[in-house]
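Below: the structure, in structure tokens.
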Amino acid sequence: MTKRQQGFTLVDYRAIPGDDPNADTRWASMTNPPPVKGDGNGIVSGTYNNGGATCTTAVEACSWWDHLRKAGFVSGNGAQQPFNALTGQIGVQTGDGVSPTPGPTLLNVAGGNGFVGLIICSANLPDKIASAVDTQMDDGTASQGTVRGLLQGAPNPNVGAGQVATPSYAETGTNVYVLCRAF
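According to numbering that gives the first Met the number 0, the residues represented by the sequence shown are 0 to 182, in order.
Shown next as structure tokens:
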């Protein structure tokens, strides 16, 4: 989704996808699945990977995708997150994903300046791709800037409370990262 499309979403609907308090009436005629409204508090609750569980529209981070699909911005059906080309989940969350007061996640190596706002994450990125994406979009440093990396120990890992971003990318040929970008 481009910045322009994001702008249209906020201007046209005056709401954050997933958190839209009028989604149930806005798309009432679309019943597969029925739209679920968010609470409108400005926080997309839930985590980018829904904690490893199957997504449902009851979770705002999952409804994000359903709302974008119903608005015509993203193809597909329902609340399931899309996957990147490397079978990594793509998703959104606010800070550590805990509502009503999200805490910071992906702190810098000094233990501060974590993400507390809306972030989009993409998992299962091999080391060379993660480093290249961060370099193209930001500063190439896993623990600084608006793009942060976390070395994965398992596919599609949680990005939770107080996690510290990986200090730097290590191109070993076997390392895999989840990258998150602040909006």
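Every residue, glycine too, gets a C-beta built ideally from N, C-alpha and C.
Inset, instruction - Apply the 10 Å Cβ neighbour rule to F182 and answer buried if 16 or more other Cβ atoms are within range, or exposed otherwise. - result: It is exposed - the Cβ of F182 has fewer than 16 other Cβ atoms within 10 Å.
Inset, instruction - Quick one: give me the first and last residue of the beta strand (DSSP E) that C179 is part of. - result: Annotation for C179: the continuous beta strand (DSSP E) segment containing it runs V175 to A181.
Legend entry - Buried/exposed call for G6, threshold 16 Cβ in 10 Å: Because G6 sits at a pLDDT of 47, beneath the cut-off of 50, its placement in the model cannot be relied upon, and the following sentence gives the value as read from the coordinates. It is exposed - the Cβ of G6 has fewer than 16 other Cβ atoms within 10 Å.
Inset, instruction - My understanding is that G148 touches A164, with C-beta atoms under 8 Å, so please give their C-beta distance in whole angstroms. - result: Their Cβ separation, rounded to whole angstroms, is 6 Å, which keeps G148 and A164 in contact under 8 Å.
Legend entry - Backbone secondary structure at R25 - three-state DSSP: When secondary structure is reduced to three states using DSSP, R25 falls in the helix class.
Inset, instruction - Can you give me the Cβ contacts of R68 inside the same chain, cut-off strictly under 6 Å, excluding the 5 residues immediately before and after it? - result: So the qualifying residues of the chain are G75.
Legend entry - With 16 other Cβ atoms within 10 Å as the buried cut-off, status of N157: Within 10 angstroms of the beta-carbon of N157 lie 16 or more other beta-carbons, which makes it buried.
Legend entry - Rounded separation between A169 and R25 - CA only: Going by the C-alpha atoms only, they are around 47 Å apart.
Legend entry - Cβ pair count under 8 Å reaching 3, the region 130–137 against the region 95–106: These segments do not touch.
Inset, instruction - Look at the Cβ atom of Q162, then the Cβ atom of T104, and state whether they are nearer than 7 Å. - result: Going by beta carbons, Q162 and T104 fall inside the 7 Å limit.
Inset, instruction - To the nearest angstrom, report how far apart D19 and I42 are at their CA atoms. - result: Using only the alpha carbons, I get a separation of about 10 Å.
Legend entry - Ranges of the alpha helix (DSSP H) found wholly within the region 21–83, counting only runs of at least 4: Runs of the alpha helix (DSSP H) inside the region 21–83: 22–25 and 59–69.
Inset, instruction - List the endpoints of the continuous alpha helix (DSSP H) containing Q92. - result: If you look at Q92, you'll find it isn't in any alpha helix (DSSP H); it sits in the beta strand (DSSP E) that goes I89 to T93.
Legend entry - Expected contact under 8 Å - CB spacing of Q88 and N48 to nearest Å: The pair is a contact, with the Cβ atoms about 5 Å apart (cut-off 8 Å).
Inset, instruction - Give me whichever residues DSSP pairs with T104 in a beta bridge. - result: Answer is F114.
Legend entry - Cβ-Cβ separation, P166 to S142 (assumed contact under 8 Å), whole Å: Right, the Cβ-Cβ distance comes to about 5 Å (below 8 Å), so this counts as a contact.
Legend entry - Buried/exposed call for R3, threshold 16 Cβ in 10 Å: In this prediction, R3 has a pLDDT of 48, which is less than 50 and means its spatial position is unreliable; what the coordinates show is noted afterwards. By the neighbour-count definition (other C-beta atoms within 10 Å, threshold 16), R3 is an exposed residue.
Legend entry - K127 versus V91, L85 and I118, residue with shortest Cα-Cα distance: Answer by Cα proximity: L85.
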